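Following: one structure in structure tokens, then a few remarks.
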Amino acid sequence: MAKSLLIISRQSPWSGPGAREALDIVLAGGAFDLPIGLLFLDDGVLQLSAGQNAKALQQKDLSANLQALPMFGVEELFYCADSASSRGLGNLSLDEAQPLAAEQITALIDRYDQVITL
Amino acid sequence: MKFAIALFSAAHAPSSRRALLFAQAALAGGHEIVRLFFYQDGVYNASDTLVTPQDELDLPKQWRTFISEQKLDGVVCIAAALRRGALNAEEAKRYQREAISVSAPWELSGLGQLHDAVQDADRLICFGGA
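Taken in sequence, the protein lines are chains S and V. For the first sequence, our numbering assigns the number 1 to the initial residue and increments by one for each residue that follows. For the second sequence, our numbering assigns the number 1 to the initial residue and increments by one for each residue that follows.
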């Protein structure tokens, strides 16, 4: 059986290539049909902020790639509820992502064979 | 135990030194390293054009020696490398650049190599992540 991998994405979308590069690992895993999960934690939840204007920063929009995750077979999408509320995030752009409390995050990390935090 | 090691930080970062020390200790302890995967700023560890001051630790050189001597699989993510100006001869030709900064024992390849190593290894050990 394939080993499962959890990616914990902690970078805000516009602080550098970090968020995109974390997502690329997830998309590559999905393309290989591997059991893969993605957790948005700390500033990583800002990637889920609705109504981002990438053009104003002359950047490529990450949200479209995030929306495509279920299509790539990545359905285990989570975000830290505390990270979102402490950053005043109400409206999230990814309906499929489930909010998790701190103790649920501990259980989530336990469930996966391998973990990468970026 | 079979280890896969992923490094995400540049050569001057303490986490990159720790990654090398861990890799050396793993082999010394009789363990196997299925692959070293260099991603994000970790690709700088594979750059030939990085010059370390004489009285400082030359980590890229130490990686190169370690990987060559132990005949390890040192894979640099191609997309992360291109973005940071780390090109091997093939990529320099493809993108018509004069500078070549990655050569054997390093290999440029895709993220599939990271997933492959994750599947193969008992443990994935990451250094220099966020």
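By construction, the Cβ of each residue, glycine as well, lies at the ideal position given by its N, Cα and C atoms. These numbers come from a predicted model, not from an experiment.
Would you mind sorting residue i into buried or exposed? The rule is 16 or more other CB atoms within 10 Å of its CB.
| i | result |
| --- | --- |
| S86 of chain S | exposed |
| V76 of chain V | buried |
| D135 of chain S | A query on residue 135 of chain S cannot be resolved here, the shown segment of chain S reaching from 1 to 118 and no further. |
| R84 of chain V | buried |
| Q98 of chain S | exposed |
| P53 of chain V | exposed |
| L21 of chain V | exposed |
| S96 of chain V | Looking at the sequence itself, residue 96 of chain V is Gln, so the reference to Ser does not match. Result: exposed. |
| D116 of chain V | buried |
| L77 of chain S | buried |
| L48 of chain S | buried |
| D55 of chain V | exposed |
| G74 of chain V | buried |
| L57 of chain V | exposed |
| L38 of chain S | buried |
| Q58 of chain S | exposed |
| G42 of chain V | buried |
Assuming residue i contacts residue j (C-beta within less than 8 Å), just tell me the rounded distance between them.
| i | j | result |
| --- | --- | --- |
| E102 of chain V | L82 of chain V | The amino acid occupying residue 102 of chain V in the given sequence is Val; Glu does not appear at that position. Not quite, the Cβ-Cβ distance comes to about 10 Å (not below 8 Å), so this is no contact. |
| W112 of chain S | L5 of chain S | In the sequence as presented, Trp is not what sits at residue 112 of chain S; that position holds Tyr. About 6 Å; that satisfies the 8 Å criterion. |
| D151 of chain V | V34 of chain V | There is simply no residue 151 of chain V to check, as chain V begins at 1 and stops at 130 in what is shown. |
| S109 of chain V | I67 of chain V | Not a contact, Cβ separation roughly 14 Å. |
| S9 of chain S | F40 of chain S | 5 Å |
| L94 of chain S | E21 of chain S | About 18 Å; that fails the 8 Å criterion. |
| Y39 of chain V | F8 of chain V | 6 Å |
| I7 of chain S | I116 of chain S | 5 Å |
| V118 of chain V | K3 of chain S | 6 Å |
| A26 of chain V | F3 of chain V | 5 Å |
| L69 of chain S | V26 of chain S | 7 Å |
| A99 of chain V | A92 of chain V | 7 Å |
| A81 of chain S | A101 of chain S | 6 Å |
To which residues does DSSP link residue i through a beta bridge?
| i | result |
| --- | --- |
| G74 of chain V | V:L36 and V:W106 |
| K2 of chain V | V:E32 |
| Y79 of chain S | S:F40 and S:P99 |
| T117 of chain S | S:I8 |
With distance defined between alpha-carbon atoms, name the residue in the options nearest to residue i.
| i | options | result |
| --- | --- | --- |
| G128 of chain V | V:A19, V:G30 and V:P105 | V:A19 |
| K71 of chain V | V:E107, V:E90, V:Q54 and V:D122 | V:E107 |
| T65 of chain V | V:F3, V:A104 and V:I125 | V:A104 |
| H12 of chain V | V:A121, V:V34 and V:S47 | V:S47 |
| G186 of chain S | S:R10, S:G90, S:V26 and S:G30 | Outside the displayed span of chain S (1 to 118) sits residue 186 of chain S, for which this structure offers no information. |
| S83 of chain S | S:G44, S:L108 and S:L69 | S:G44 |
| L62 of chain S | S:T117, S:Q114 and S:G18 | S:G18 |
| G29 of chain S | S:Q98, S:A107, S:E96 and S:E75 | S:E75 |
| D33 of chain S | S:F72, S:L46, S:L92 and S:L57 | S:F72 |
| I125 of chain V | V:A23, V:P14, V:R17 and V:L59 | V:A23 |
| L59 of chain V | V:L114, V:A10, V:H31 and V:L111 | V:A10 |
| Q114 of chain S | V:A26, V:D122 and V:G29 | V:D122 |
| D42 of chain S | S:S12, S:A64, S:E96 and S:L69 | S:S12 |
| I5 of chain V | V:A80, V:P14 and V:E32 | V:E32 |
| G88 of chain S | S:E96, S:A64, S:A54 and S:L46 | S:L46 |
| K61 of chain V | V:R17, V:L114 and V:R94 | V:R17 |
task: Residues of the segment 5 to 19 of chain V with a CB closer than 9 Å to any CB of chain S: list them in chain order, please.
output: A6 and F8
- prompt: Listed in chain order, which residues of the segment 88 to 116 of chain V have Cβ atoms closer than 9 Å to some Cβ of chain S?
  reply: G110, L111, G112, L114, H115 and D116
field: Near-chain V residues of the segment 13 to 34 of chain S - C-beta to any C-beta below 7 Å
entry: P17, G18, E21, D24, I25, A28, G29, F32 and L34
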